[in-house]
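Below is one structure, written out as structure tokens, with a few remarks after it.
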Amino acid sequence: MNHHDLFMTRLDELLKRKNLTLNRLATLAGVTQSTFSNMYNRPNAVPKLDTLYAIAEGLNMSITELLDFPPYNERPDGSSSTKEQSKWEKLGDALTSDEKERVRRILAGEVEK
Numbered sequence: 721m722n723h724h725d726l727f728m729t730r731l732d733e734l735l736k737r738k739n740l741t742l743n744r745l746a747t748l749a750g751v752t753q754s755t756f757s758n759m760y761n762r763p764n765a766v767p768k769l770d771t772l773y774a775i776a777e778g779l780n781m782s783i784t785e786l787l788d789f790p791p792y793n794e795r796p797d798g799s800s801s802t803k804e805q806s807k808w809e810k811l812g813d814a815l816t817s818d819e820k821e822r823v824r825r826i827l828a829g830e831v832e833k
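The numbering used here puts the first residue of the sequence shown at 721, with every later residue one more than the last.
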């Protein structure tokens, strides 16, 4: 699938999940009907960043959440960055500076566990 098809499939899924029509989303996002019409009817039409941002706001989510689906939430090595990164960030927030330094040194092989 190309970027257009991937994003349009994602948008359709989100509209269904949030029980919204395209017309309602256009109103909430402040995006014209013609913009959505172009997005759906032109196979190579990929929305601009400001349009993606407006759509995300209309769906009451961040642009990160809007694009949180494969392949956009995967790294080149195939790993998923969003969920794993969030898990590690939460763990890091719970550690003191000394504990973070100890973990860093263990991972660097500077000390034994």
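Glycine residues also receive a C-beta, built at the ideal position from the N, C-alpha and C atoms.
Own chain partners of residue i with C-beta closer than 8 Å, once the 5 adjacent residues on each side are dropped
| i | result |
| --- | --- |
| M728 | M759, Y760 |
| L786 | R730, L734, L772, I775, A776, L779 |
| R744 | none |
Status (buried if at least 16 other CB within 10 Å, exposed otherwise) for residue i
| i | result |
| --- | --- |
| P763 | exposed |
| P790 | exposed |
| L815 | exposed |
| A828 | exposed |
| P767 | buried |
7 Å CB neighbourhood of residue i in its chain, flanking five on each side removed
| i | result |
| --- | --- |
| L734 | L779 |
| I783 | L772, Y773, A776 |
| K738 | L779 |
Enclosing alpha helix (DSSP H) for residue i [first to last residue]
| i | result |
| --- | --- |
| D725 | 723-737 |
| N780 | It is not in any alpha helix (DSSP H) - N780 carries neither H nor E in the DSSP assignment. |
| Y792 | No alpha helix (DSSP H) contains Y792, which DSSP labels as neither H nor E. |
| A746 | 742-749 |
| K768 | That residue, K768, is in no alpha helix (DSSP H); it is neither H nor E in DSSP. |
| R824 | 817-827 |
| T752 | Where T752 is concerned, there is no enclosing alpha helix (DSSP H), given that its DSSP letter is neither H nor E. |
Same chain, Cβ closer than 6 Å to residue i, five either side skipped, listed in chain order
| i | result |
| --- | --- |
| V714 | In the structure as shown, the chain begins at 721 and stops at 833. Residue 714 is therefore absent and cannot be evaluated. |
| L748 | G778 |
| L742 | F756 |
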